Amino acid sequence: MKITFWGAAEKVTGSMFLLELDSDFRILIDCGMDMEQMSEDMPIHPSSSFPFEASMINAVILTHAHLDHTGKIPILIREGFEGPIICTSPTASLMDIILYDSAAINRIKLNKYHKRKSKSPSYKPGFDLKEVYLEKDVKEAFKQLKTIDFDKTYQLIKTVKLRMVPTGHLLGAANVHLEIEEGEEKKSILFTGDIGRLKYPLLTDPSTPPKADYLVCEATYGGKTHQSSSDTEKELLHYITESCIKKPGKLLIPAFSIGRTQAILFTINKLFKTEQLPTIPVYADSPMAMKSNRVYERYSNILNEEALEFKAEHKELFYGENFDYIEKLEESKKISGKPGPAILVSSSGMLEGGRIQHHIKQNLQNPNTTILMVGFTPEGTFGHKLVNADGTIEIGNKSVPVLAKVVKTDAFSGHGDHHDLMRTILSQDVENNKGVFLVHGEPDSLETLSQDVRKAGFKQVNIPKKGESFEL
Ligand SMILES: [Zn+2]
C-alpha cells in the first residue's frame, strides 16, 4: 500500500492523508481546511479542488471535528465522493456546529465577493470559489456519515479493521488504528490525530494507543513545554481573584466556542460550586458555545470521572445561578459597558471576528479590566497584536492606548506538549516500528521532535513534504 501526505505536511493545518491499498481501495484520513493558506497551492487535479479525483476515494475516516481536520468534507462530497464518512458520534455532533458555522461565514464572504464584482468587472477574488461551500453542501455531507464507538474493532472491508482510541484534545477525538491485510501480509498504521493532555477539564486522559507498524504523529507542540501549571482550577482562581475579587474589575476571556469554552465554563462553575469564590456574575456570550455545551451534556457519559461526579451532584456542567447566557447581539453589546465585578467568556479566541471584539474595544481603556488570553494567537491576528502591545494598539488607522491588563496562560491548551507527544510515540514498539511520519507542526517543531524520536531508537523517522508518497 501507499500513503500520500496531502495536508498538514511541514505545517499545522489542513490534515489530509491518502492511503491507497494494493486492492485499489482508497481511504482518506481527515479532510481538513488549510487555515494558513486559504487559497490553496495544492497541485490541483484539473477537474477537482483536490490533488486527486474525489470520486476515487472509497471511505473517509475523521480523527476529530476541528475545521483543520474536517473543513473540506462538503467540497469532497460536491465533487463526487460517495462513500461513508466515519467518525465517533460526538465528532459528528460537533462537526455539525463547525461546518454550518463555516458555511455561514462562506456565505458572508460570497456576498462581499459578489458586491465587489458587481462594482468592478476586473475584480479578482481573494479566494478560489471552488473552495466555497454553503449550507446545502453541508446538509448533503451529513447523509454519508457513519458513526462508530470508541475502542471497538470494526471491519471496514474484508481486509481492513478499524479502531478509534480516545485521545483527549476535544470531545470525540480519536487516534485511528488500521489493520490491513495485503496478500499474506498484515500491516498496521496508527494516525494520532491531535493529542490531548493529561488532567484536562471534562476530558479523559489520552488512552495508550495500540501498537502499529507505522505511526503518523502530530507535532504541534514539538520541542515546546507548556509554561503554565496544568492545574486549570488554580490558574483560573488566581486570575479571577486578582481581576474581580481584589478589585471590582472585569475579566474578559476570549475563547474558541468549541472545546475551550466548555473547559473554562466548567472550571468557573466548579470554583463557585465549591465555594472557592464569592458569587459574581458570569456572562457566556457565544451562541455557538451554547450549542457546543449541549453536545458535551449529551455525551456526558464519556467525560472524565471528575465531570461525572460533578454532574451527579450538581446536575448541570455549565450552568449556575450566577451564569447568564447571552443570545441576542443587542444584549451582548449592553453587557460590554456594565461595571464589574464580572467574568465574560466570548469568542473568537484569536479576536478575529466574533462578539469578543466589541467587548475588547469597549474595555480596552478601562484599567479595571483584565483580558486573559487562553489560546494560541498566530502572527497577524488581533489577538497576537494585543498580547504584544506596548501601551498602544492600532485599530483601523488609529493608535489606541491599552489600559486594560493583558495576561496569558496555556493551561487551557487542548494540545499535549513535547512530553505528551513523546509519551504517545514511546507507547509504540521501538524495535519493530517500520516508520514514523511527523506531521501537523511548524518546521522547527517537527525537527526538534524528530531528533528526540531518533534518539529514542526509532530508525525510520520522516518529515513528509506535501504530496510526498511512501510505499508501506
Ligand atoms: Zn484539533
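Sequential numbering from 276 applies to the sequence shown in this note's numbering. From the three backbone atoms N, C-alpha and C, an ideal C-beta is built for every residue, glycine too. As the structure is a computational prediction, the values presented were derived from the model and not from experiment.
With DSSP as the reference, identify every bridge partner of N450, one or two as the case may be. Residue 450 sits at position 175 when you count from the first residue of the sequence shown. DSSP output for N450 lists V440 as bridge partner(s).
First and last residue of the alpha helix (DSSP H) that includes L546? In the sequence shown, counting from the first residue as 1, residue 546 sits at position 271. Taken as a continuous stretch (DSSP letters only), the alpha helix (DSSP H) holding L546 covers R535 to K548.
Compute the distance between the beta-carbons of L465 and P481, then report whether it is under 9 Å. Here residue 465 refers to the residue found at position 190 of the sequence shown. Here residue 481 refers to the residue found at position 206 of the sequence shown. No, they are not a contact pair.
For the region 436 to 450 against the region 467 to 481, do three or more pairs of beta-carbon atoms, one drawn from each stretch, fall closer than 8 Å, so that the two count as touching? yes
Among the candidates N737, S324 and D297, whose CA atom is the shortest distance from the CA of F356? Counting from one through the sequence shown, the residue named residue 356 turns up at place 81. F356 has its Cα closest to that of S324, out of N737, S324 and D297.
Along the chain, where does the beta strand (DSSP E) that runs through T422 open and close? Taking the sequence shown and counting its residues from 1, the one referred to as residue 422 is at position 147. Note, T422: beta strand (DSSP E), L420 to I423.
Could you spell out the range, first to last residue, of the beta strand (DSSP E) harbouring F531? Counting from one through the sequence shown, the residue named residue 531 turns up at place 256. Here F531 belongs to no beta strand (DSSP E), and DSSP marks it neither H nor E.
Is any non-hydrogen atom of ligand 1 found closer than 8 Å to the C-beta of A448, if you look at the structure I gave you? In the sequence shown, counting from the first residue as 1, residue 448 sits at position 173. Checking the Cβ of A448 against ligand 1 gives yes.
Per DSSP, what kind of secondary structure is P326 in: helix, strand or coil? Here the question's residue 326 lines up with position 51 in the sequence shown. The answer is coil: DSSP assigns P326 none of H, G, I, E or B.
Is any non-hydrogen atom of ligand 1 found closer than 8 Å to the C-beta of D343, if you look at the structure I gave you? In the sequence shown, the residue the question calls residue 343 occupies position 68. Correct: D343 has its Cβ closer than 8 Å to ligand 1.
What residues in its chain sit with their C-beta under 6 Å from that of Q735, if we drop five residues either side in the sequence? Translated into positions along the sequence shown, residue 735 becomes position 460. Excluding residues within five positions, the ones whose Cβ falls inside 6 Å are G710.
Does the distance from the C-beta atom of N707 to that of D488 stay below 9 Å? Within the sequence shown, numbered from 1, the residue matching residue 707 stands at position 432. Within the sequence shown, numbered from 1, the residue matching residue 488 stands at position 213. For N707 and D488, yes; Cβs fall inside 9 Å.
Taking C-alpha atoms, which residue in K499, F598 and V491 lies nearest to I618? Here residue 618 is taken as the residue at index 343 of the sequence shown, counted from 1. The option with the nearest alpha carbon to I618 is F598.
CA nearest to the CA of K277, picked from F417, F425 and K462: Within the sequence shown, the letter at position 2 stands for residue 277. Nearest C-alpha to K277: K462.
Run the CB neighbour count on A559, radius 10 Å, all protein chains shown included, and call it buried at 16 or more, exposed below. Translated into the one-based positions of the sequence shown, residue 559 becomes position 284. Buried, by the Cβ-count rule.
Own chain residues within Cβ distance below 7 Å of F733, not counting five before or after: In the sequence shown, the residue the question calls residue 733 occupies position 458. Excluding positions up to five away in sequence, the list reads V705, N708 and V711.
Taking the beta carbon of G655 as the centre, do at least 16 other beta carbons fall within 10 Å, making it buried, or is it exposed? What you label residue 655 is simply residue 380 of the sequence shown in a count that begins at 1. When all chains shown are included, G655 counts as exposed.
Look at the alpha carbon of I373 and the alpha carbon of L342, and state the distance between them as a whole number of angstroms. Working through the sequence shown from its first residue, we reach residue 373 at position 98. Working through the sequence shown from its first residue, we reach residue 342 at position 67. Roughly 7 Å separates the two Cα atoms.
Is it right to say D685 is buried, meaning 16 or more other beta carbons lie within 10 angstroms of its own, or is it exposed? By one-based count along the sequence shown, residue 685 stands at place 410. D685 is buried by the Cβ-count criterion.
Mind reading off the beta-carbon distance from P642 to E602? Whole number of angstroms is fine, and I expect it under 8 Å. Along the sequence shown, read from residue 1 onward, the residue named residue 642 stands at position 367. Along the sequence shown, read from residue 1 onward, the residue named residue 602 stands at position 327. Contact doesn't hold; Cβ gap of about 30 Å is too wide.
E510 burial status per 10 Å Cβ neighbour count (16 or more: buried): Working through the sequence shown from its first residue, we reach residue 510 at position 235. Counting Cβ neighbours within 10 Å, E510 comes out buried, since at least 16 surround it.
Can you give the Cα-Cα distance for Y594 and F541, rounded to whole angstroms? Residue 594 sits at position 319 when you count from the first residue of the sequence shown. Residue 541 sits at position 266 when you count from the first residue of the sequence shown. Distance between the alpha carbons of Y594 and F541: 8 Å.
Run the CB neighbour count on I383, radius 10 Å, all protein chains shown included, and call it buried at 16 or more, exposed below. Looking up residue 383 in the sequence shown gives position 108. Under this definition I383 is an exposed residue.
Would you say the beta carbon of D469 comes nearer than 8 Å to a heavy atom of ligand 1? Translated into positions along the sequence shown, residue 469 becomes position 194. Within the cutoff, so yes.
Which of helix, strand or coil does DSSP assign to S611? Taking the first residue of the sequence shown as position 1, residue 611 is located at position 336. Correct three-state label for S611: helix.
Under a Cβ-count criterion, where at least 16 other Cβ atoms within 10 Å of its own Cβ denotes burial, should I543 be classed as buried or exposed? For the purposes of this step, residue 543 is identified with residue 268 of the sequence shown, where counting begins at 1. Its Cβ being crowded by 16 or more others within 10 Å, I543 is buried.
In whole angstroms, what separates the C-alpha of S575 from that of K590? Counting from 1 along the sequence shown, the entry for residue 575 is found at position 300. Counting from 1 along the sequence shown, the entry for residue 590 is found at position 315. Whole-angstrom Cα-Cα distance: 11 Å.
In terms of residues, what are the limits of the alpha helix (DSSP H) holding F417? Locating residue 417 in the sequence shown gives position 142, counting from the first residue. Per DSSP, F417 belongs to the alpha helix (DSSP H) from E410 to F417.
Around the Cβ of D692, are there at least 16 other Cβ atoms within 10 angstroms (buried) or fewer (exposed)? Locating residue 692 in the sequence shown gives position 417, counting from the first residue. Buried, since its Cβ has 16 or more Cβ neighbours within 10 Å.
Helix, strand or coil at A367 [DSSP, three-state]: Working through the sequence shown from its first residue, we reach residue 367 at position 92. Note: A367 maps to helix in three-state DSSP.
Among K427, Q551 and A538, which has the Cα closest to the Cα of N568? In the sequence shown, the residue the question calls residue 568 occupies position 293. The shortest C-alpha separation from N568 is found at A538.
Would the beta-carbon of G650 be found less than 8 Å away from any heavy atom of ligand 1? Sequence index remark: in the sequence shown, residue 650 carries index 375 (1-based). For ligand 1, not one heavy atom lies less than 8 Å from the Cβ of G650.
For C306, which residues does DSSP report across the bridge? Locating residue 306 in the sequence shown gives position 31, counting from the first residue. Beta-bridge pairing links C306 to no other residue.
Among L293, M310 and D309, which has the Cα closest to the Cα of L303? Here residue 303 refers to the residue found at position 28 of the sequence shown. When each option's Cα is compared against that of L303, the closest is L293.
So is D480 in contact with chain E if we call contact Cβ pairs under 9 Å? Absence of chain E from the displayed structure is noted, only one protein chain being present.
Reference T554; option with closest CA among G742, I360, F531 and E596: Position 279 of the sequence shown, counted from the start, is the residue given in the question as residue 554. The shortest C-alpha separation from T554 is found at E596.
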